[in-house]
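Residue numbers (the numbering used here): 344 to 645.
Cβ atoms here follow ideal geometry from the backbone N, Cα and C, with glycine treated the same way.
It should be emphasised that the depicted structure is a prediction, and the values quoted were computed from it without experimental measurement.
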Ligand code: ADP
């Protein structure tokens, strides 16, 4: 079993389903309300665990009841939570309004995630014991940097999802092995809307890049390689693409950690992400390893 460490956010998603989102000052009656565990860090941790990795999560939850549920959700998924602190106050929350047309608006309140400002005792060992460290940008940059530096020091591959999009400090790029932006993040980072051009520009700063392109698949580029590799997404009937990117990152890190060649790892991650869009939800929709293998076997007619 390949070991993966994740340093990142845990959020409780509070989702209100409404016919039409309220305007300022307006009150509307909604149809439904759900609370679902999320946060990009926790999502990637669950994705990797379902994909068959032994995963440890570094981050923080609050002392509220959401904190208890967020920790329990990770444990249920088989994620180690020894590195998940409980800090006084509120857990991270995402307040999401989804209207009948599928449009959404989101308020994220970082809560406990804002208190993840660096590594705590034991974290360096957790990172050193892993094949890869998965990072995103929903916890303070200082912690992301400290994690990435520790990983680099111990020869652990760093995989960074640069979301939410923001300028990346050169010190972070210097210790990033694989950058996995979606096409919007790639454009925000480079000012280039063509994913191929954006990937090439990013290769000046990191050795490997995967730009995810939604239903159009993904583009992989590496320093020194002649041509970028295009990875088609399996055609599926998408129901909800929430956390597709997190599923992709978790499965990709797992496959690479197992030593699979890059093209095969990308195909496997694409299958995992495609399966995740077939069902509503974030963590709930992520496939387990056997489902990913079966999906690929079926597609290749084996
Ligand atoms: P994010 O969720 O971060 O915005 P993307 O939308 O690019 O990222 O999706 C990540 C990956 O998930 C894609 O590269 C693709 O493999 C898969 N994916 C996303 N949407 C679909 C879809 N409609 N059909 C099949 N695969 C999809």
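By the CB criterion at 7 Å, residue 489 and residue 462 fall inside the cutoff.
Contact check for residue 529 against residue 541 passes: the beta carbons are separated by less than 7 Å. Where residue 613 is concerned, the enclosing alpha helix (DSSP H) starts and stops at 605 to 619.
In the structure shown, the three-state DSSP call for residue 413 is helix. Counting only the Cα atoms, residue 550 lies some 13 Å from residue 569. Look at residue 580 here: in three-state DSSP terms it is coil, with no helix or strand label. The beta-bridge partner set that DSSP reports for residue 525 consists of 555. Apart from the 5 residues on each side of it in sequence, residue 504 sits with its Cβ closer than 6 Å to the Cβ of 479, 523, 592 in its chain, given in chain order. Residue 364 and residue 450 have their alpha carbons spaced roughly 13 Å apart. With a 10 Å radius around the Cβ and a threshold of 16 neighbouring Cβ atoms, residue 607 comes out exposed.
When DSSP assignments are scanned along the region 386 to 458, the uninterrupted stretches of alpha helix (DSSP H) that are 4 or more residues long and fall wholly within it turn out to be 408 to 419.
About 4 Å separates the beta carbons of residue 581 and residue 620, which is inside the 8 Å limit, making them a contact pair. Residue pairing by DSSP places residue 569 opposite no residue, since no beta bridge is assigned to it.
By the neighbour-count definition (other C-beta atoms within 10 Å, threshold 16), residue 629 is a buried residue. According to DSSP, residue 356 shares a beta bridge with 379, 437.
Contact annotation: residue 502 and residue 596 have beta-carbon atoms nearer than 7 Å.
Collapsing the DSSP output to three states places residue 348 in a strand. Three or more beta-carbon pairs separated by less than 8 Å link the region 429 to 436 to the region 398 to 406, which places the two stretches in contact. Relative to the ligand ADP, the beta carbon of residue 430 is positioned no closer than 6 Å to any heavy atom.
The DSSP-derived three-state label of residue 501 is strand. Put simply, of 558, 391, 495 the residue whose alpha carbon is nearest the alpha carbon of residue 383 is 391. DSSP lists 350, 503 as the beta-bridge partner residues of residue 478.
Distances from the alpha-carbon of residue 412 to those of 476, 356, 599 put 356 closest. Residue 597 has its Cβ no nearer than 6 Å to any heavy atom of the ligand ADP. Residue side-chain check: residue 584 places its Cβ nearer than 6 Å to a non-hydrogen atom of the ligand ADP. Within 10 angstroms of the beta-carbon of residue 559 lie fewer than 16 other beta-carbons, which makes it exposed. Shortest Cα-Cα distance from residue 437 to any of 513, 393, 456, 370 involves 456. Here residue 361 is bridged, per DSSP, to 442.
When rounded, the separation of the alpha-carbon atoms in residue 483 and residue 637 is 39 Å.
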